[in-house]
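**Student:** Below are the structure tokens for one structure; questions will follow.
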Amino acid sequence: IKEDFEIIDKKQLPTAAELKNEEKEKVEEARWSAPILSLAKKASENLALSYGSALKSASLVGFISKPVSNDSTAKTSARCHAMEERANLMNMMKLSIKILIQSALSLGRTLDSDFPPLQQFFVVLEHCLKHGLKAKKTFIGQNKSFFGPLELVEKLCPEASDIATSVKNLPELKTAVGRGRAWLYLALMQKKLADYLKVLLDHKHLLSEFYEPDALMMEEEGAVIVGLLVGLNVIDANLCLKGEDLDSQVGVIDFSLYLKDTHDSDGKQDGGITAALDQKHYVEELNRHLSCTVADLQNKIDCLEKTNSKLQEELAAATDRIGSLQEEQQQLKQQNELIREQSEKSVEVTKEDTKVELDTYKQSRQGLDEMYSDVWKQLKEEKKIRLELEKELELQIGMKTEMEIAMKLLEKDTHEKQDTLVALRQQLEEVKAINLQMFHKSQNAECSLQQKTEAISSFEGKTNEMMSSMKQMEERLQHAEKARQAAEERCNKMKQELAGRLDSCRQQMSQLDSKCSTLEKELKSEKEQRQTLQRELHQEKDATTLLKTELQQMEGLKKELRKLQDEKQQLEKVCEEQEQALQEMGLHLSQSKLKMEDIKEVNKALKGHTWLKDDEATHCKQCEKEFSISRRKHHCRNCGDIFCNTCSSNELALPSYPKPVRVCDTCHTLLLQRCSSNSS
1 IKEDFEIIDK KQLPTAAELK NEEKEKVEEA RWSAPILSLA KKASENLALS YGSALKSASL
61 VGFISKPVSN DSTAKTSARC HAMEERANLM NMMKLSIKIL IQSALSLGRT LDSDFPPLQQ
121 FFVVLEHCLK HGLKAKKTFI GQNKSFFGPL ELVEKLCPEA SDIATSVKNL PELKTAVGRG
181 RAWLYLALMQ KKLADYLKVL LDHKHLLSEF YEPDALMMEE EGAVIVGLLV GLNVIDANLC
241 LKGEDLDSQV GVIDFSLYLK DTHDSDGKQD GGITAALDQK HYVEELNRHL SCTVADLQNK
301 IDCLEKTNSK LQEELAAATD RIGSLQEEQQ QLKQQNELIR EQSEKSVEVT KEDTKVELDT
361 YKQSRQGLDE MYSDVWKQLK EEKKIRLELE KELELQIGMK TEMEIAMKLL EKDTHEKQDT
421 LVALRQQLEE VKAINLQMFH KSQNAECSLQ QKTEAISSFE GKTNEMMSSM KQMEERLQHA
481 EKARQAAEER CNKMKQELAG RLDSCRQQMS QLDSKCSTLE KELKSEKEQR QTLQRELHQE
541 KDATTLLKTE LQQMEGLKKE LRKLQDEKQQ LEKVCEEQEQ ALQEMGLHLS QSKLKMEDIK
601 EVNKALKGHT WLKDDEATHC KQCEKEFSIS RRKHHCRNCG DIFCNTCSSN ELALPSYPKP
661 VRVCDTCHTL LLQRCSSNSS
């Protein structure tokens with residue numbers, strides 16, 4: 001795949017003075033961009049070395065076949081052409097990032113979508129992503145779009161799901177190229193473009209579906225470009241996607257931006273020199289942190305060597321244990337043979353004993369069955385007699401209950417009649433009291449006698465009626481008392497008759513109970529004897545079955561022993577081969593893991609700290625108090641964040657500064673702990 005680069009302004013060719021100015025700019029750029037590029041190169045070299053060592057170790061063990069060399073001239077020429085294209089694209093990317101950062105620092109404001117260096121940066125980045133893309137066949141024809149690999153970021157990094165959904169919801173975008181450009185715009189505004197592309201480079205096995213093996217994203221240049229993109233986190237971009245036709249934009253690189261005279265921009269760059277120097281000191285501090293991490297990694301390597309020596313000692317102890325286990329196995333074989341001979345003898349003896357005991361059991365069982373039948377007949381007869389007696393008892397008990405109920409009813413009637421007599425006597429007393437009152441009133445009030453004589457006569461008639469009713473009630477009471485006395489006499493006679501009958505029944509029941517208890521005791525004793533004999537028979541049967549199963553198990557164990565011995569010999573050979581392979585793999589893997597940890601820590605250091613601008617911070621990062629005229633802003637020279645005076649009052653001597661410099665409280669404690677750990 002060839003890349004076409006067009007020069008739009010052909011009149012503006014560089015002169016000798018412009019070339020000298022460009023050399024000066026390159027020297028100034030190298031002062032602050034050299035540490036970042038060196039870190040990115042180191043990371044790519046460490047990655048290549050780790051992957052190479054892993055492939056060599058795998059080929060030594062035999063998991064991966066060694067590549068076959070093909071000396072065809074066509075392939076070598078294609079590789080050289082692809083390397084040249086990758087180098088050209090990487091150089092263009094460096095130039096575009098450099099000019100974009102310089103122009104953004106000189107302006108000192110957020111960048112819009114109309115800013116020419118920003119537009120050219122997106123064009124160059126689009127060419128880098130298109131390099132080596134595989135063409136996918138569709139119904140319309142072949143299609144090449146770099147939006148396919150960018151969609152993988154949503155699956156690998158869940159933070160990018162917001163970008164993918166917002167791109168899909170834009171109605172103006174109709175092609176995959178337009179969606180890819182919108183995705184790049186949004187990632188740059190989030191300041192996570194380098195992070196998302198690094199996630200893609202970490203999963204190259206997924207990128208191989210979209211790119212050729214010689215593509216820029218599949219080689220080391222991709223890692224270098226990701227390292228350069230980290231510097232764009234300094235820029236603030238405000239890009240509006242609505243109203244822009246991203247589908248029909250022409251992606252042509254304009255070289256006129258990189259060929260202009262730079263004399264006019266010298267005055268503007270004086271303001272950005274201080275920021276560049278601060279960044280230089282910041283990068284030196286990062287290098288010092290990395291040197292500390294290298295020392296920690298060397299300590300880890302020493303620990304791993306010690307663990308390897310311990311593992312070798314454990315291997316020697318394991319071989320000794322295997323020898324002792326083999327000796328124990330031979331002893332167990334001899335013991336198994338002795339046990340088998342003893343078990344065969346005991347089985348023969350038990351068989352003879354069981355035959356004799358079976359004969360005696362059959363003879364005793366016949367006599368017991370005859371005794372059991374006789375006893376069973378006697379029990380049936382006694383049960384019949386007992387049932388008849390129980391029926392008679394139930395009848396007598398029923399008669400007794402009926403008598404008791406009749407007595408209770410009579411008692412209730414007598415109580416009710418007594419209550420009525422008491423009530424009538426009370427009424428009589430009340431009437432007498434009323435008569436006395438009326439008599440006194442008649443004496444006191446002679447004038448009212450004539451009016452109340454009629455009332456007195458009526459009251460006297462009522463009293464006469466009450467007296468007659470009282471006499472009738474007294475006669476009824478006498479009749480009821482006579483009936484009650486007759487009933488009591490009858491009850492006494494019935495009680496005497498029932499007591500005699502109950503005594504005779506109780507005597508008969510006691511005799512029957514004594515007979516039943518004796519018979520039950522005899523039955524229990526006979527049942528217990530029979531159960532003991534049955535238990536002994538079951539035990540003997542179980543013993544014979546156990547002995548038979550043990551014999552069968554002994555024969556199976558012999559066969560399994562032979563199989564295990566053959567398998568043991570095979571496994572010992574396989575173990576020896578695998579132990580050798582594992583030792584070699586362990587050495588290579590430990591080396592590769594250490595190198596990968598170095599790379600991860602380098603990337604963390606590159607991502608971690610950024611030098612914040614004064615306009616970005618409105619509150620202190622630690623105490624979160626708002627800045628004002630009295631509470632001023634102060635930069636921490638270690639982490640680059642902005643704090644108030646109380647939270648950054650400490651001073652320490654850093655390697656990148658000759659004198660003690662202002663440091664925040666958290667960095668102050670971390671640096672002191674690191675110094676103490678290094679000294680110990």
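When you line the sequence shown up against full-length UniProt numbering, it's residues 1 to 680, in that order.
Just so it is clear, CB atoms sit at the ideal spot from N, CA and C, and this is done for glycine as well.
Predicted model only: the values in this text are computed from it and were never measured.
Between A487 and the rest of its own chain, which residues show a CB-CB distance below 6 Å, the 5 nearest in sequence each way excluded?
**Tutor:** Taking the sequence shown and counting its residues from 1, one reaches residue 487 at position 487. Excluding residues within five positions, the ones whose Cβ falls inside 6 Å are L410.
**Student:** Just list the residues that DSSP pairs P660 with in beta bridges.
**Tutor:** Reading the sequence shown from its first residue, position 660 is the one you call residue 660. DSSP, once it has assigned bridges, lists A653 as partnering P660.
**Student:** Where does Y372 land, buried or exposed, given buried means 16+ other C-beta within 10 angstroms?
**Tutor:** Start at 1 with the first residue of the sequence shown, and residue 372 comes out as number 372. The residue in question, Y372, is exposed, as its Cβ has fewer than 16 Cβ neighbours within 10 Å.
**Student:** Residues in its own chain within less than 7 Å of T610 by CB, not counting five upstream and five downstream?
**Tutor:** By 1-based counting over the sequence shown, the position of residue 610 is 610. Excluding residues within five positions, the ones whose Cβ falls inside 7 Å are N233, V234 and G640.
**Student:** Whose C-alpha, out of M217, E381 and E540, is nearest the C-alpha of K355?
**Tutor:** For the purposes of this step, residue 355 is taken as residue 355 along the sequence shown, with counting starting at 1. Nearest option by C-alpha distance: E540.
**Student:** For a test of the three-state rule: what should DSSP assign to F122, helix, strand or coil?
**Tutor:** Position 122 of the sequence shown holds residue 122. Here F122 sits in helix by DSSP.
**Student:** Give me the Cα-Cα distance between H440 and C447, rounded to the nearest whole angstrom.
**Tutor:** Sequence index remark: in the sequence shown, residue 440 carries index 440 (1-based). Sequence index remark: in the sequence shown, residue 447 carries index 447 (1-based). Rounded to whole angstroms, H440 to C447 spans 13 Å at the Cα level.
**Student:** Does the beta-carbon distance from I397 to L512 come in below 8 Å?
**Tutor:** Locating residue 397 in the sequence shown gives position 397, counting from the first residue. Locating residue 512 in the sequence shown gives position 512, counting from the first residue. Not closer than 8 Å, so no.
**Student:** Can you list, in chain order, the residues of its chain whose CB lies under 6 Å from that of E284, leaving out five sequence neighbours each side?
**Tutor:** As a position in the sequence shown, residue 284 is number 284, starting the count at 1. Only S656 meet the Cβ criterion.
**Student:** Return helix, strand or coil for F643, following the three-state DSSP convention.
**Tutor:** By 1-based counting over the sequence shown, the position of residue 643 is 643. Strand.
**Student:** Am I right that E219 and R321 are in contact with their C-beta atoms under 8 Å? What's the rounded C-beta distance?
**Tutor:** To locate residue 219, count along the sequence shown from 1; it is residue 219. To locate residue 321, count along the sequence shown from 1; it is residue 321. Contact doesn't hold; Cβ gap of about 51 Å is too wide.
**Student:** Hey, how far is the Cα of D114 from the Cα of A223?
**Tutor:** One-based indexing of the sequence shown puts residue 114 at position 114. One-based indexing of the sequence shown puts residue 223 at position 223. Near 29 Å, if we compare the C-alpha coordinates of A223 and D114.
**Student:** Grab the span of the alpha helix (DSSP H) containing S208 for me, first residue to last.
**Tutor:** As a first step, residue 208 must be located in the sequence shown, where it is residue number 208. From DSSP, S208 is part of no alpha helix (DSSP H); its letter is neither H nor E.
**Student:** With DSSP as the reference, please indicate the residues paired to H588 in a beta bridge.
**Tutor:** For the purposes of this step, residue 588 is taken as residue 588 along the sequence shown, with counting starting at 1. Looking at the DSSP assignment, H588 forms no beta bridge with any residue, so it has no partner.
**Student:** Got a sec: is the Cβ-Cβ distance from V224 to anything in chain C below 8 Å?
**Tutor:** Among the chains of the structure shown, chain C does not appear; only one protein chain is present.
**Student:** Can you tell me the Cα-Cα spacing of V153 and E560, whole angstroms?
**Tutor:** What you label residue 153 is simply residue 153 of the sequence shown in a count that begins at 1. What you label residue 560 is simply residue 560 of the sequence shown in a count that begins at 1. Each residue's Cα considered, the two are about 56 Å apart.
**Student:** From L100 to Y211, what distance separates their C-alpha atoms?
**Tutor:** The count along the sequence shown starts at 1 and reaches residue 100 at position 100. The count along the sequence shown starts at 1 and reaches residue 211 at position 211. Straight-line Cα distance between these residues: approximately 28 Å.
**Student:** From the DSSP output, read off the bridge partner residues of H635.
**Tutor:** By 1-based counting over the sequence shown, the position of residue 635 is 635. Answer is I642, bridged to H635.
**Student:** Please state if the CB of C667 and the CB of Q622 are separated by a distance shorter than 8 Å.
**Tutor:** By 1-based counting over the sequence shown, the position of residue 622 is 622. By 1-based counting over the sequence shown, the position of residue 667 is 667. Not a contact, by the Cβ cut-off of 8 Å.
**Student:** For I642 and H635, what's the separation of their Cα atoms in angstroms?
**Tutor:** Position 642 of the sequence shown holds residue 642. Position 635 of the sequence shown holds residue 635. If you take the alpha carbons of I642 and H635, they lie about 5 Å apart.
**Student:** Which whole-angstrom value describes the C-beta separation of F146 and L133, a residue pair presumed to lie in contact below a C-beta threshold of 8 Å?
**Tutor:** Here residue 146 is taken as the residue at index 146 of the sequence shown, counted from 1. Here residue 133 is taken as the residue at index 133 of the sequence shown, counted from 1. Going by Cβ atoms, the distance from F146 to L133 rounds to 6 Å, so yes, they are a contact pair.
**Student:** What residue range is occupied by the uninterrupted alpha helix (DSSP H) comprising F147?
**Tutor:** Start at 1 with the first residue of the sequence shown, and residue 147 comes out as number 147. F147 to L156 is the span of the alpha helix (DSSP H), which, as asked, contains F147.
**Student:** What is the rounded straight-line gap between the Cα of S57 and the Cα of L311?
**Tutor:** As a working mapping, residue 57 is identified with position 57 in the sequence shown. As a working mapping, residue 311 is identified with position 311 in the sequence shown. At S57, the pLDDT of 46 sits below 50, so the modelled position is not reliable; the number obtained from the coordinates is stated separately. S57 and L311: Cα-Cα distance of roughly 20 Å.
**Student:** When DSSP labels each residue in this structure, what does H668 get in the three-state scheme?
**Tutor:** Along the sequence shown, one-based indexing puts residue 668 at 668. Correct three-state label for H668: helix.
**Student:** Could you check whether I253 and M92 sit closer than 8 Å to each other, using their CB atoms as the reference points?
**Tutor:** Stepping through the sequence shown from its first residue, residue 92 is reached at position 92. Stepping through the sequence shown from its first residue, residue 253 is reached at position 253. Yes, the pair counts as a contact, with Cβ atoms nearer than the cut-off.
**Student:** Alpha carbon to alpha carbon, how far is E454 from E429?
**Tutor:** As a working note, residue 454 is residue 454 in the sequence shown. As a working note, residue 429 is residue 429 in the sequence shown. Their Cα atoms are separated by approximately 22 Å.
**Student:** Hey, is the region 362–379 in contact with the region 515–534, meaning 3+ C-beta pairs nearer than 8 Å?
**Tutor:** With a cut-off of 8 Å, the region 515–534 and the region 362–379 count as touching, because enough Cβ pairs lie within range.
**Student:** Quickly, what does DSSP pair H619 with across the bridge? List them, please.
**Tutor:** In the sequence shown, residue 619 corresponds to position 619, counting from 1. Answer is E626.
**Student:** To which residues does DSSP link A237 through a beta bridge?
**Tutor:** Taking the sequence shown and counting its residues from 1, the one referred to as residue 237 is at position 237. L111, per the DSSP bridge assignment.
**Student:** Can you tell me the Cα-Cα spacing of E550 and Q342, whole angstroms?
**Tutor:** Residue 550 sits at position 550 when you count from the first residue of the sequence shown. Residue 342 sits at position 342 when you count from the first residue of the sequence shown. One C-alpha to the other measures close to 12 Å.
**Student:** Taking the alpha-carbon of L519 as reference, which of E381, N650 and C80 has the nearest alpha-carbon?
**Tutor:** As a first step, residue 519 must be located in the sequence shown, where it is residue number 519. Comparing Cα positions, the closest option is E381.
**Student:** From T110 to P213, what distance separates their C-alpha atoms?
**Tutor:** For the purposes of this step, residue 110 is identified with residue 110 of the sequence shown, where counting begins at 1. For the purposes of this step, residue 213 is identified with residue 213 of the sequence shown, where counting begins at 1. So the two alpha carbons sit approximately 38 Å from each other.
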